[in-house]
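For the sequence shown, the positions run 1 to 317 when the UniProt record's numbering is used. Ideal placement from N, C-alpha and C gives every residue a C-beta, glycine not left out. Below is one structure, written out as structure tokens, with a few remarks after it.
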Amino acid sequence: MPLLSIRSQDFDRASRVDAFRDVVANMTRVDFIPDDQEQFISETSIAVLPGVIIGHGRHSASTAIRTRNHAAECSDDVMFHIPLSGGGTISQTGGEQQVLRPGCVYADPGDVPGTVRFGGHHMEGIYVSIPRAHFTKAAAGLDAVLRRAAPLTPQWRLFLSYVRNLHTELPLLAPEEAAQCVAHVQDLALMALGATREASEIAAGRGVRAARLKEVKREIEQNLLSSGLSADSVASRLGLSSRYIRVLFEREGTSFRDYVASRRLARAFRMLSDPALQHLNIAQIAMEAGFGDLSWFNTRFKQTYGMTPRDVRAGFA
């Protein structure tokens, strides 16, 4: 999954600062004002995921201003600023000026005007934006750090470590894998904010469910070709209730039956497109993939792939 990159040095030198400021203003709703227009350098790479935005930035001495008009265009997210090196200050409406330096975290309500000062030779930091609605169960903890620079606790350091690694590895992850990491980031933020017991249990429960679902899917793969594969049989082998297994898949937006069918259809597709298996007819492949009803297999196959098994075979003949 690609990262979005904004680098001042990528713009034509003659109009670099103005062009860079226009792009940043449109994308991040802040106005950058460099101290030295000739030597100004700014690099930011942004990962945009559903429910989390992670940015890594490095800026020479400059000022970033979020005006009242900019703030009105921002979503109701909270951005956590975590400096990695260098230092600066930040001040927002409703709060006092805060010093930003390594070892602290600042919670920035995105819809509030403010000014960030990047001082010294450069300032480098991680920025994580999460919808405020996610923090309902951690309201007290969030209020304690909003518009304040708070020390990094072990929980915040764990959060920082995870988001930095995710930002680095994201280009190598498939979109569905990256999406799975969103809940981890949100849960680590909840923990760092000292979420209520209920919220912590919800987060922990999500982790347990994810582990259980992975275990169930592994059991399905091992018994995919068995005619006796069912939620009851899997539940019996894993010591779970069949209802719990069905709920796990419902939370994924599918059902046990549909998930099994999708895995069997994928196997059938691979077999149909394999020249080495041309000697098998479609009925044999359906049986080999775990389907006992040829008519149902043909119907589901076309619904899933938009073509018939015969069409697939012809395309790879």
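Which partner residues of residue i appear in the DSSP bridge assignment?
i      : result
Glu43  : Arg7, Arg58
Arg117 : Thr63, Thr89
Met79  : Asp108, Ser129
Leu49  : Val52
Glu219 : The partner list for Glu219 (beta bridge, DSSP) is empty, contrary to what the question assumes.
Glu124 : Arg58, Ser85
Hey, quick one: how far does the beta strand (DSSP E) through residue i stretch, first residue to last?
i      : result
Phe32  : 31 to 34
Leu100 : 98 to 100
Report buried or exposed for residue i, applying the criterion of at least 16 other Cβ atoms within 10 angstroms of its Cβ.
i      : result
Thr93  : exposed
Leu225 : exposed
Gly119 : buried
Arg197 : Low confidence applies here, because Arg197 scores a pLDDT of 46, under 50, leaving its location unreliable; read the following figure in that light. Exposed is the call here.
Gly239 : exposed
Ala314 : exposed
Met307 : exposed
Val17  : buried
Leu272 : buried
His279 : exposed
Ala286 : buried
Asp108 : buried
His134 : buried
Pro309 : buried
Under 8 Å by Cβ, that's how I've got residue i and residue j pegged, so tell me the actual separation to the nearest angstrom.
i           : j      : result
Ala179      : Leu3   : 15 Å between Cβ atoms; not a contact.
residue 343 : Gly55  : Residue 343 lies beyond the range of the chain shown here (1 to 317); nothing can be said about it.
His81       : Gly141 : Incorrect: roughly 17 Å between the Cβ atoms, too far for contact.
Gln9        : Ile33  : About 18 Å; that fails the 8 Å criterion.
Ser91       : Thr115 : 6 Å
Ala149      : Leu100 : 6 Å
Glu38       : Arg7   : 16 Å between Cβ atoms; not a contact.
Val182      : Val52  : 5 Å
residue 327 : Val105 : The requested residue 327 is not part of the displayed model; the chain covers only 1 to 317.
Could you give the first and the last residue of the continuous alpha helix (DSSP H) run that contains residue i?
i           : result
residue 318 : The question about residue 318 has no answer here: the residues shown for the chain are numbered 1 through 317.
Leu294      : 294 to 305
Gln284      : 282 to 288
Arg243      : 242 to 250
Phe269      : 256 to 272
Glu73       : 68 to 73
Arg13       : Segment: none, Arg13 is in no alpha helix (DSSP H) and carries neither H nor E.
Ser236      : 231 to 238
Original post:
Quick one: complete alpha helix (DSSP H) runs, 4+ long, within the stretch 129 to 210?
Top reply: 139 to 145, 154 to 169, 175 to 192
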